[in-house]
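Colleague:
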Amino acid sequence: MRSELFAQDNFERQTQERWALQSAYMLRVGLGPDVVATKGAMVAYQGRMDFRHEGSGSIGKLMKKVLTSEDAPMMRVSGQGEVFFARQARNVFTVLLEGEALTVSSDSLLAFDDTLGWDIRRVQGAGLMAGGLFNLELSGHGMLALCADGAPMILDCSQQPTFVDPQAAVAWSANLAPGIKNDVSMGSLLRGGSGESFQLAFHGPGFVIVQPSEGLPVVRQG
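Numbering (our numbering), first residue to last: 10 to 231.
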């Protein structure tokens, strides 16, 4: 049988690295140690795997999930072999944390080592009109994988104020405490607005990762 499908680049990567990019859009993780991933991110695996719901781990985090409606359902993957993760053919990037912390948009989180701790953080000033913005902070020692729509851009927030559409923000330095820049006024509401009424406002030593997309529209239940 002959086809361009059988090009060498399309076969599984053979590597000793535990975390490796199978392609720009797919992540390969070797088990051993457990991995926590967003539900629905697994596209294939080889070997013996067990997939279980990953709970909050503490009453405090459980209450935060309930009160904030932070929608980041996660699963724990255990076993031996290789598991492949992807999400809607989005670009995948790995980040090694060595005692640092990173705040991640839950929509951009793909998977992370279970050695990393996580918690829910609220964006200050994000009230009901902004949809109530909550994100995940990952910290400790271990690897994580993010996904983005296309090739992301990294902005240095230390030199001047930086403003980012909430749906375009992939992740940012955990030491940054973004606020909300609100351009809504009665006049703009009457005129229909610009469509860019709310932005995340960053300023200080750190960076923000921005994707060239505002992602899929978020449908919130009333």
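We put the CB at the ideal spot given by N, CA and C, even for glycine. Keep in mind it's a predicted model, so treat the numbers as computed, not measured.
Using the beta-carbon count (16 or more within 10 Å), is residue 168 buried or exposed?
Modeller: Start at 1 with the first residue of the sequence shown, and residue 168 comes out as number 159. So residue 168 ends up on the exposed side.
Colleague: Quick one: grab the DSSP three-state call for residue 223.
Modeller: For the purposes of this step, residue 223 is taken as residue 214 along the sequence shown, with counting starting at 1. In the structure shown, residue 223 sits in coil (DSSP, three-state: anything other than H, G, I, E or B).
Colleague: Can you tell which of 10, 161, 211, 162 has the C-alpha that lies nearest to the C-alpha of residue 170?
Modeller: One-based indexing of the sequence shown puts residue 170 at position 161. Here the closest residue by C-alpha is 211.
Colleague: Alpha carbon to alpha carbon, how far is residue 44 from residue 124? Give it in angstroms, no decimals.
Modeller: Residue numbering aside, residue 124 sits at position 115 when the sequence shown is read from its first letter. Residue numbering aside, residue 44 sits at position 35 when the sequence shown is read from its first letter. Roughly 9 Å between the two C-alpha positions.
Colleague: Short check: CB of residue 102 to CB of residue 52, under 8 Å?
Modeller: Walking along the sequence shown from the start, residue 102 turns up at place 93. Walking along the sequence shown from the start, residue 52 turns up at place 43. Not in contact: residue 102 and residue 52 (Cβ atoms no closer than 8 Å).
Colleague: Taking the beta strand (DSSP E) that residue 92 belongs to, which residues open and close that run?
Modeller: Position 83 of the sequence shown, counted from the first residue, corresponds to residue 92. Run containing residue 92: 83-94, per the beta strand (DSSP E) assignment.
Colleague: Give the range of the beta strand (DSSP E) segment to which residue 172 is assigned.
Modeller: Counting from one through the sequence shown, the residue named residue 172 turns up at place 163. Where residue 172 is concerned, the enclosing beta strand (DSSP E) stretches over 171-173.
Colleague: Applying the criterion that 16 or more other CB atoms from any shown protein chain within 10 Å of the CB defines a buried residue, is residue 20 buried or exposed?
Modeller: Within the sequence shown, residue 20 is the residue found at index 11, counting from 1. The residue in question, residue 20, is exposed, as its Cβ has fewer than 16 Cβ neighbours within 10 Å.
Colleague: Have a look at residue 24 and residue 91 and give me their C-alpha separation to the nearest angstrom.
Modeller: Sequence index remark: in the sequence shown, residue 24 carries index 15 (1-based). Sequence index remark: in the sequence shown, residue 91 carries index 82 (1-based). If you draw a straight line from the Cα of residue 24 to the Cα of residue 91, it comes to about 11 Å.
Colleague: Helix, strand or coil for residue 117, going by three-state DSSP, please let me know.
Modeller: Within the sequence shown, numbered from 1, the residue matching residue 117 stands at position 108. For residue 117, the secondary structure class from DSSP, reduced to helix, strand or coil, is helix.
Colleague: Give the single residue among 120, 59, 99 whose Cα lies nearest to the Cα of residue 87.
Modeller: On the sequence shown, position 78 is the one that residue 87 refers to. Closest option to residue 87, Cα to Cα, is 59.
Colleague: Ignore the nearest five residues each way along the sequence and tell me which others in residue 162's own chain have a CB closer than 6 Å to its CB.
Modeller: Numbered from 1 along the sequence shown, position 153 holds the residue referred to as residue 162. Hits under 6 Å: 219.
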